[in-house]
Each structure stands twice: as structure tokens, then as C-alpha cells.
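Under my numbering, the first residue of the sequence shown carries the number 3, and numbering increases by one thereafter.
Positions of the beta carbon are idealized from the N, C-alpha and C atoms, including for glycine.
A short worksheet on the structure shown next.
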Amino acid sequence: MKILVTGGAGFIGGNFVHYMVNKYPEDQIVNLDLLTYAGNLETLKPVEHKPNYKFVKGDIADRDFIMDLFEKEQFDAVVNFAAESHVDRSIENPSIFVQTNVEGTVVLLDAAKKYNVRYHQVSTDEVYGDLPLDQPDLFFTEETPLHTSSPYSSSKASADLFVLSYFRTFGLPVTISRCSNNYGPYHFPEKLIPLMISRALADEELPVYGKGENVRDWLHVEDHCQAIDLILRKGRIGEVYNVGGHNERTNLEVVKTILKALDKPESLIKYVTDRPGHDMRYAIDPTKLETELGWKPTYNFDTGIAQTIQWYLDNEDWWKNILSGEYANYFEDMYGERL
Ligand code: NAD
Ligand code: TDX
Numbered sequence: 003m004k005i006l007v008t009g010g011a012g013f014i015g016g017n018f019v020h021y022m023v024n025k026y027p028e029d030q031i032v033n034l035d036l037l038t039y040a041g042n043l044e045t046l047k048p049v050e051h052k053p054n055y056k057f058v059k060g061d062i063a064d065r066d067f068i069m070d071l072f073e074k075e076q077f078d079a080v081v082n083f084a085a086e087s088h089v090d091r092s093i094e095n096p097s098i099f100v101q102t103n104v105e106g107t108v109v110l111l112d113a114a115k116k117y118n119v120r121y122h123q124v125s126t127d128e129v130y131g132d133l134p135l136d137q138p139d140l141f142f143t144e145e146t147p148l149h150t151s152s153p154y155s156s157s158k159a160s161a162d163l164f165v166l167s168y169f170r171t172f173g174l175p176v177t178i179s180r181c182s183n184n185y186g187p188y189h190f191p192e193k194l195i196p197l198m199i200s201r202a203l204a205d206e207e208l209p210v211y212g213k214g215e216n217v218r219d220w221l222h223v224e225d226h227c228q229a230i231d232l233i234l235r236k237g238r239i240g241e242v243y244n245v246g247g248h249n250e251r252t253n254l255e256v257v258k259t260i261l262k263a264l265d266k267p268e269s270l271i272k273y274v275t276d277r278p279g280h281d282m283r284y285a286i287d288p289t290k291l292e293t294e295l296g297w298k299p300t301y302n303f304d305t306g307i308a309q310t311i312q313w314y315l316d317n318e319d320w321w322k323n324i325l326s327g328e329y330a331n332y333f334e335d336m337y338g339e340r341l
């Protein structure tokens with residue numbers, strides 16, 4: 003297969019590119035990324051010289067460019083990770099979330115329709131809104147109504163509805179995965195776990211929103227990649243699959259786990275003003291994925307967070323280059339003359 007991966011210079015897309023390039027040497031993986039602030043070609047260093055990998059810089063919302071690319075490359079499948087992904091940024095500037103997450107998705111759908119390409123959309127559990135803290139037996143299933151809180155989740159829910167409409171109206175072969183919070187290697191240090199690891203290592207204050215009692219359901223990124231691969235190859239067309247591993251933790255538990263592992267004092271924790279509209283609890287029921295496709299996560303939170311902290315300790319250059327802005331030069335050095 004020739005597979006287009008969009009957003010492959012980001013956190014989950016980058017991990018997915020590694021996974022696919024190594025697991026399927028006979029497949030061709032084309033990574034299309036605009037290299038926004040969140041895109042980092044250093045993440046692709048381990049695969050950039052493999053014969054079944056290629057990088058293309060471009061915008062999923064640029065219709066002419068996308069149509070030309072699909073015409074030229076004749077893809078068999080597209081997996082769309084490209085997005086603005088940070089909730090806090092969506093509160094500051096919602097418009098770019100509409101442009102990339104909604105318009106970009108529609109442009110990709112049109113190209114997939116024109117060139118008859120299998121389409122997979124990487125979505126999020128945030129489309130379901132949130133659950134109360136006092137009903138721990140409630141989980142998001144694929145039937146839970148969409149009920150978004152932030153401009154980010156609203157843009158992702160809109161994109162999902164377009165994807166499903168292209169199945170119903172045009173018969174486009176689509177699937178959607180909705181996963182819980184990912185963590186693991188190459189996670190941009192604006193998100194909770196890498197932010198707290200990098201700040202704790204520098205003995206800086208750790209900003210915990212509100213009381214730190216919000217709950218997230220943590221999924222190791224490798225388990226997510228495996229799920230997407232399964233859905234792409236064996237998922238039922240037109241279906242949504244939830245991805246999550248029953249690893250709920252409060253934010254405070256996560257931060258304290260990181261401090262303990264790094265032997266840093268809890269006095270670094272600083273409670274700050276809460277995020278507006280802050281979702282209280284996410285919790286995924288992954289039964290459909292487990293029973294239909296046999297998916298099983300390999301990490302639990304304890305093994306996954308230990309592996310992740312160790313990765314950040316072993317790969318200081320990767321995240322320190324981001325904090326210093328260095329990584330943007332890597333694109334110029336590697337691809338500047340070629341593109
Ligand atoms: P990320 O922000 O780390 O990466 C996004 C990537 O998309 C970046 O490389 C960026 O350069 C690229 N991009 C942005 N706009 C683009 C455009 N217009 N054209 C082409 N490329 C563009 O995000 P992530 O955390 O890896 O998330 C990937 C996907 O998974 C997103 O769709 C997100 O909504 C979804 N998701 C993420 C999580 C999570 O916990 N991180 C959980 C559920 C769902
Ligand atoms: O400094 C912080 N302090 C803090 O308390 C940050 C950055 C976050 N938080 C809290 C907010 C959330 O309750 O930690 C929790 C996790 O925050 P984020 O890492 O920003 O993730 P979240 O808002 O849960 O969204 C993530 O999971 C779902 C991804 O960023 C989304 O792209 C994905 O769809």
C-alpha cells in the first residue's frame with residue numbers, strides 16, 4: 003500500500019510513521035506536514051533515510067496542492083493526524099482550528115473521494131464532552147452523543163461529522179478512531195506530561211490548573227498506533243472505534259508520579275487559574291475495538307509513564323531544542339534546498 007500520513011511531524015503522527023515504516027517495509031509511507039510550531043522533523047530522524055519513507059511539506063487545507071499531490075502519488079489510503087491539537091491555544095485563537103481541523107479535513111475528503119482512497123480520521127474522546135467525577139461507572143461509548151466544550155473539540159466533532167457524511171452521501175470508505183489522552187516519546191512540551199517532566203528537571207514551578215482533580219484516561223502512543231493500524235486494515239467501513247486502556251488518573255496524581263520518579267519535591271507544584279470550560283473527566287470504553295478487532299494495550303499507566311520519563315531523560319536534546327527554538331533550523335538544514 004501507499005499510505006499518506008498527514009501531520010506526521012507531530013507527536014502521534016510521528017510515532018505512527020516510525021511504526022508503519024518499520025513494520026511494513028513493503029508499504030510506502032508519505033508524510034505530509036505543514037511544520038507549524040508543533041511539527042518537528044527531528045522526530046523523523048530515525049526513519050528519514052529509509053527507502054519506504056518520504057516527507058512532503060504542505061497544508062492539508064490547500065485544495066490545489068492536495069489535489070495535485072493525490073493525482074501524482076495515487077495513494078491507497080490516507081490517515082489524517084494533521085490538526086491544531088492544543089485546547090489552550092483554541093481558547094486563544096479558535097479560527098485556525100476551523101481552518102485546519104474542519105476545512106483541512108474536508109479538502110482531504112474531497113481528494114479521497116476524487117481518487118478513490120481509503121480514509122481514516124484520527125479523532126478524540128473530547129468530542130463526547132466530559133463525565134462527572136461522582137459517577138465512576140460511566141464511560142464514553144461510540145453511541146455517546148457529541149457534546150463539545152472547547153473550540154478545539156468543536157472543530158474535531160465537526161470534522162467527524164463531515165467524515166461520516168462522506169460515507170453516507172458518497173460511499174467513501176471511511177473509519178474514525180476516537181482516543182483518550184496520549185503520552186509517550188516525542189510529545190510536544192506544551193502538553194501536561196512532557197511539560198511537567200521538562201519543568202521538574204529544571205526545578206521550575208509546575209502549573210496545575212484549578213485543584214488538579216480533573217481526570218484523564220491515559221493511552222500510550224504505541225498502543226494508539228497499533229489500534230489505528232488495525233482499524234485501517236480490518237475495521238468496518240463507516241464505523242467509529244473508541245481507543246483507550248482504562249488508565250484514569252487525576253492531573254495531580256500524574257504530576258506527583260512524575261515528581262516522585264524524578265526525585266523532586268512536591269513544593270514545585272503551583273495551583274493556577276483553571277482552564278475556562280475545563281472538562282472534568284474523560285473515560286473511554288474500548289469494548290468494540292477489543293471484541294471486534296482483538297486490540298489490547300501493551301502498556302498500563304505505571305509501565306508507560308516509567309518508559310516515557312526515561313525517554314525524556316535519554317533524549318534531552320530533542321525537547322531542549324524545542325524549548326530553545328532550535329528545531330526549526332533542522333528543516334532548513336535537511337530539506338531547505340530540496341523543496
Ligand atoms: P501535534 O500538535 O503534536 O501534531 C500536529 C501536526 O500537524 C504537526 O506536525 C503540525 O505541523 C501538523 N499540522 C498542523 N496544521 C497542519 C496543516 N494545515 N497541514 C498539514 N499539517 C499540519 O498533535 P498530536 O498530539 O500528535 O495529535 C495528532 C492528532 O490526534 C490530532 O488530530 C489530534 O486532534 C488527535 N488526538 C490527539 C490526542 C493527544 O493526546 N495528543 C488525543 C486524541 C486525539
Ligand atoms: O500546564 C498545564 N496544567 C494542567 O493542569 C497543562 C498544559 C494542562 N493541565 C491540565 C489540563 C487537562 O486537564 O492537564 C490535563 C491535560 O491537559 P493537556 O495536556 O492540555 O491535554 P487535554 O486538554 O486533556 O487534551 C489532550 O487530549 C485530548 C490533547 O491535547 C488533545 O489534542 C486530545 O484530543
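Cβ-Cβ separation, residue j to residue i (assumed contact under 8 Å), whole Å
i	j	result
T8	F77	Rounded, the Cβ-Cβ distance is 11 Å, inconsistent with contact.
Y284	V223	That pair is no contact at about 16 Å.
V108	E75	About 20 Å separates the two Cβ atoms, so there is no contact after all.
C181	L221	6 Å
Y168	L111	5 Å
D127	I286	6 Å
Y55	D231	Not really, about 16 Å apart at Cβ, beyond 8 Å.
Exposed unless 16 or more other CB atoms sit within 10 angstroms - verdict on residue i
i	result
D90	exposed
R235	exposed
L163	exposed
E268	exposed
E94	exposed
F99	buried
S151	buried
F172	exposed
A63	buried
Q30	buried
P147	exposed
E207	exposed
N118	exposed
E334	exposed
L35	In the sequence as presented, Leu is not what sits at residue 35; that position holds Asp. So D35 counts as buried.
S97	exposed
G327	exposed
N249	buried
W304	For the sequence presented, residue 304 should be read as Asp rather than Trp. By the neighbour-count rule (16 or more Cβ atoms within 10 Å), D304 is not buried but exposed.
R170	exposed
D66	exposed
Same chain, Cβ closer than 7 Å to residue i, neighbours up to 5 away in sequence not counted
i	result
K290	E144, Y243, N244
N103	A85, E86, S157, K158, A161
N323	E44, Y329
P209	K272, V274
Check: residue i C-beta below 6 Å from any heavy atom of the ligand NAD
i	result
L37	yes
C227	no
V19	no
G41	yes
F72	no
T371	Here the chain covers residues 3 to 341 and nothing more, so residue 371 does not appear.
N184	yes
F77	no
G327	no
I14	yes
S87	yes
G9	yes
Residues near residue i in its chain [Cβ-Cβ closer than 6 Å; skip 5 each side]
i	result
P187	W313
V81	V7, H122
P175	R120, I239
S200	P191, W321
S92	F99, S152, P153, Y154
N42	A11, Y329
I195	Y185
heavy atom of the ligand FMN below 6 Å from residue i C-beta
i	result
D61	Looking at this structure, you won't find the ligand FMN anywhere; what it does contain is the ligand NAD and the ligand TDX.
Cβ-heavy atom distance, residue i to the ligand TDX, below 6 Å
i	result
N317	no
T209	Reading off the sequence shown, one finds Pro at residue 209, where the question assumed Thr. At least one heavy atom of the ligand TDX is nearer than 6 Å to the Cβ of P209, so yes.
L174	no
K193	yes
N249	no
R235	no
R218	yes
Beta carbon proximity, residue i to chain D, threshold 7 Å
i	result
M198	Checking the listed chains, one finds no chain D in this structure; it contains a single protein chain.
Proximal residues to residue i (C-beta, below 8 Å), its chain only, five neighbours per side dropped
i	result
N216	T252, N253, H280, D281, M282, R283
G14	Per the sequence presented here, residue 14 reads as Ile, with Gly not at that position. If we look at I14 and ignore the five residues flanking it on each side, its Cβ neighbours are F83, V124, N184, V223, H226, C227.
L325	P191, S200
Y301	H222, E224, D225, G247, Q309
Length at least 3, wholly inside the stretch 160–228: the beta strand (DSSP E) runs in chain order: Here the runs fully enclosed are 176–181, 208–211, 217–219.
Ordered list of beta strand (DSSP E) runs contained in the stretch 224–299, each at least 3 residues: DSSP runs (the beta strand (DSSP E)) wholly in the stretch 224–299: 242–245, 250–252, 271–274.
Those runs of the beta strand (DSSP E) which lie wholly inside the stretch 36–101 and span at least 3 residues: Within the stretch 36–101, the complete beta strand (DSSP E) runs of at least 3 residues are 55–59, 79–82.
Completely contained alpha helix (DSSP H) runs for the stretch 311–337, where each covers 4 or more residues: Segments of the alpha helix (DSSP H) lying fully in the stretch 311–337: 318–326, 330–337.
Segments assigned alpha helix (DSSP H), at least 4 residues, entirely inside the stretch 100–168: Annotation: the stretch 100–168 contains the following complete segments of the alpha helix (DSSP H) (minimum length 4 residues), in chain order: 106–117.
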